[in-house]
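Undergrad: Before I ask anything, let me first share the structure, which is written out below as structure tokens.
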Amino acid sequence: MSIKINKGGDLGKYFYSKDDVIYGPIKLDELLQRVDENTLVFYDGIDWTKASELPELKKFIHDTPKPPVIPVEEIVYDAPKSSNKTFIYSIIIVLIILGIIYQINKKNTNSVEITTDTASTAIDTTTLIANPVTVPVDAYTTILSVRELDKEQLDNLTLSDLIIYQNDILARHGYIFESENELTHYKSYNWYNPVNNYLAATSDFSEIEKYNYDGIQLRLNDFSSEIRSLVTNYFQSISDKTFDATNFFAEKVDYFITKKSTTPWEINDEMKSHYSEFVDSRFTFTQDFEITYHESIGGINYVSFKGFFEAFRTSKNKKQECVVTIKLGLNKNNKIVYYKEDKIENLKFIDVNQ
Numbered sequence: 008m009s010i011k012i013n014k015g016g017d018l019g020k021y022f023y024s025k026d027d028v029i030y031g032p033i034k035l036d037e038l039l040q041r042v043d044e045n046t047l048v049f050y051d052g053i054d055w056t057k058a059s060e061l062p063e064l065k066k067f068i069h070d071t072p073k074p075p076v077i078p079v080e081e082i083v084y085d086a087p088k089s090s091n092k093t094f095i096y097s098i099i100i101v102l103i104i105l106g107i108i109y110q111i112n113k114k115n116t117n118s119v120e121i122t123t124d125t126a127s128t129a130i131d132t133t134t135l136i137a138n139p140v141t142v143p144v145d146a147y148t149t150i151l152s153v154r155e156l157d158k159e160q161l162d163n164l165t166l167s168d169l170i171i172y173q174n175d176i177l178a179r180h181g182y183i184f185e186s187e188n189e190l191t192h193y194k195s196y197n198w199y200n201p202v203n204n205y206l207a208a209t210s211d212f213s214e215i216e217k218y219n220y221d222g223i224q225l226r227l228n229d230f231s232s233e234i235r236s237l238v239t240n241y242f243q244s245i246s247d248k249t250f251d252a253t254n255f256f257a258e259k260v261d262y263f264i265t266k267k268s269t270t271p272w273e274i275n276d277e278m279k280s281h282y283s284e285f286v287d288s289r290f291t292f293t294q295d296f297e298i299t300y301h302e303s304i305g306g307i308n309y310v311s312f313k314g315f316f317e318a319f320r321t322s323k324n325k326k327q328e329c330v331v332t333i334k335l336g337l338n339k340n341n342k343i344v345y346y347k348e349d350k351i352e353n354l355k356f357i358d359v360n361q
């Protein structure tokens with residue numbers, strides 16, 4: 008049981024605000040290089056929050072000690088006597104300086120107000136600046152190769168973060184990715200030298216890298232097991248005619264088979280007609296079962312898998328067999344928000360009398 012890597016789209020989800028400008032979206036490893044404990048961070052599902060208060064960041068961000076205040080001895084100069092004309096010029100200069108200071112303070116005040124307003128409203132995408140730092144940064148050099156991730160840190164990582172971290176370690180050891188998307192992505196870095204198969208790449212790990220890689224694999228296996236359990240229970244309940252969509256779907260479902268914007272209760276109604284058309288239906292996993300990870304968008308993890316489906320079709324009076332590829336979108340609670348029969352293969356209709 009494994010999660011196959013197949014990156015699609017930009018996996019970055021984090022935005023942060025500095026100097027009245029919102030940056031993003033960027034990935035977690037890049038975010039760690041650009042924020043301190045007081046930087047406001049945002050992503051879909053949370054309001055603007057200090058970086059030090061986010062579970063996935065607080066383990067890596069430490070308060071920066073304030074520099075010591077060095078007292079400066081006050082020096083008083085005796086003002087030379089001046090004429091009335093000099094005095095008037097001095098007054099004018101002081102007024103000009105005070106005017107300049109007022110304008111600067113007014114500008115800074117407006118800047119603070121803009122930042123506050125931005126934090127309390129939806130992000131205007133026209134103000135976003137993506138990846139302003141020109142030097143590439145990654146989690147490998149700052150975390151994965153220098154420190155061991157503990158269980159809490161691993162548990163706080165999203166599925167997309169785990170995939171990225173796994174790939175970053177493999178790429179640093181010249182692993183030749185099977186996916187063209189992955190291969191193209193890492194070839195954009197001048198340090199990437201694709202020369203090793205999986206065994207050669209993993210044999211070259213340091214102790215810290217191996218520790219982190221093994222921990223990441225355990226978390227990925229957990230995700231895979233959870234998804235497989237969900238799918239098994241889903242189709243078993245259909246076979247047993249105990250199916251209840253509220254056990255598997257989120258309250259708002261973006262897509263179900265061919266229907267957009269539906270609910271678990273509407274899905275339950277649709278399943279009533281399913282029982283009369285598909286009699287004695289059964290879904291089993293293919294022998295080479297694996298879960299393919301595609302992307303994460305807005306906190307939704309998109310994965311797919313293959314299985315063998317069979318049932319008696321009432322309308323055709325024949326038995327149907329096929330291999331179906333199903334794509335799921337799962338939220339953070341592993342509730343389905345997207346369900347699509349992505350591909351049908353080896354479709355057969357068999358006369359029951361044969």
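Those letters in the sequence shown? Residues 8 to 361, per my numbering, in order.
Beta carbons are placed, not taken as given, at the ideal position from N, Cα and C, and that holds for glycine.
Bear in mind that the values here come from a model prediction, so they are computed numbers and not experimental data.
1) Which runs of the beta strand (DSSP E), 3 residues or longer, sit entirely within the stretch 270 to 347?
2) Output the distance between the C-alpha atoms of Leu166 and Ser236, rounded to the nearest integer angstrom.
3) Rank Tyr262, Asp261, Asp276, Ile264 by C-alpha distance to the C-alpha of Asp251 and give the top, closest one.
4) Pull up the DSSP beta-bridge partners for Val260, would you.
5) Are the stretch 179 to 195 and the stretch 219 to 236 in contact at 8 Å, needing three or more beta carbon pairs?
6) Check for me: the beta strand (DSSP E) holding Phe250 runs from which residue to which?
7) Taking the runs of the alpha helix (DSSP H) that are 4 residues or longer, which of them lie wholly in the stretch 142 to 228?
8) Am I right that Ser322 and Glu284 are in contact with their C-beta atoms under 8 Å? What's the rounded C-beta distance?
9) If the criterion is Cβ atoms closer than 8 Å, does the pair Thr270 and Val260 meet it?
10) Check whether the Cβ atoms of Tyr300 and Lys334 sit closer than 8 Å, and answer yes or no.
11) Tell me, please, whether the CB atom of Gln224 is closer than 8 Å to any CB atom in chain C?
12) So what does Phe22 bridge to, in DSSP terms?
13) So is Ser303 buried or exposed if we call it buried at 16+ other beta carbons inside 10 Å?
14) For a test of the three-state rule: what should DSSP assign to Asn353, helix, strand or coil?
15) Residues in its own chain within less than 7 Å of Tyr241 by CB, not counting five upstream and five downstream?
TA: Answer, in terms of the structure:
1) Annotation note: the stretch 270 to 347 contains the following uninterrupted beta strand (DSSP E) runs of length 3 or greater, listed N- to C-terminal: 285 to 292, 298 to 304, 307 to 320, 325 to 337.
2) Numbered from 1 along the sequence shown, position 159 holds the residue referred to as residue 166. Numbered from 1 along the sequence shown, position 229 holds the residue referred to as residue 236. Straight-line Cα distance between these residues: approximately 17 Å.
3) Within the sequence shown, the letter at position 244 stands for residue 251. Residue Asp276 is the option with its Cα nearest to Asp251.
4) The residue you call residue 260 lines up with position 253 of the sequence shown. DSSP output for Val260 lists Thr269 as bridge partner(s).
5) Taking one beta carbon from each stretch, the stretch 179 to 195 and the stretch 219 to 236 have fewer than 3 pairs nearer than 8 Å; the two do not touch.
6) Sequence index remark: in the sequence shown, residue 250 carries index 243 (1-based). Going by DSSP, Phe250 is part of no beta strand (DSSP E) at all; its letter is neither H nor E.
7) Within the stretch 142 to 228, the alpha helix (DSSP H) runs of at least 4 residues that lie entirely inside it are, in chain order, 158 to 162, 166 to 179, 187 to 194, 205 to 210.
8) Numbered from 1 along the sequence shown, position 315 holds the residue referred to as residue 322. Numbered from 1 along the sequence shown, position 277 holds the residue referred to as residue 284. Their Cβ separation, rounded to whole angstroms, is 6 Å, which keeps Ser322 and Glu284 in contact under 8 Å.
9) As a working note, residue 270 is residue 263 in the sequence shown. As a working note, residue 260 is residue 253 in the sequence shown. Yes; because the gap between Cβ atoms is below 8 Å, this pair is in contact.
10) Position 293 of the sequence shown holds residue 300. Position 327 of the sequence shown holds residue 334. Contact: no.
11) As a matter of chain content, chain C is missing from the structure shown, which is built from one protein chain.
12) In the sequence shown, residue 22 corresponds to position 15, counting from 1. Assignment of beta-bridge partners to Phe22 by DSSP yields Phe49.
13) As a first step, residue 303 is located in the sequence shown; it is residue number 296 there, counting from the start. Buried, because 16 or more other Cβ atoms sit within 10 Å of the Cβ of Ser303.
14) As a position in the sequence shown, residue 353 is number 346, starting the count at 1. Note: Asn353 maps to strand in three-state DSSP.
15) Residue 241 sits at position 234 when you count from the first residue of the sequence shown. Contacts found: Phe255.
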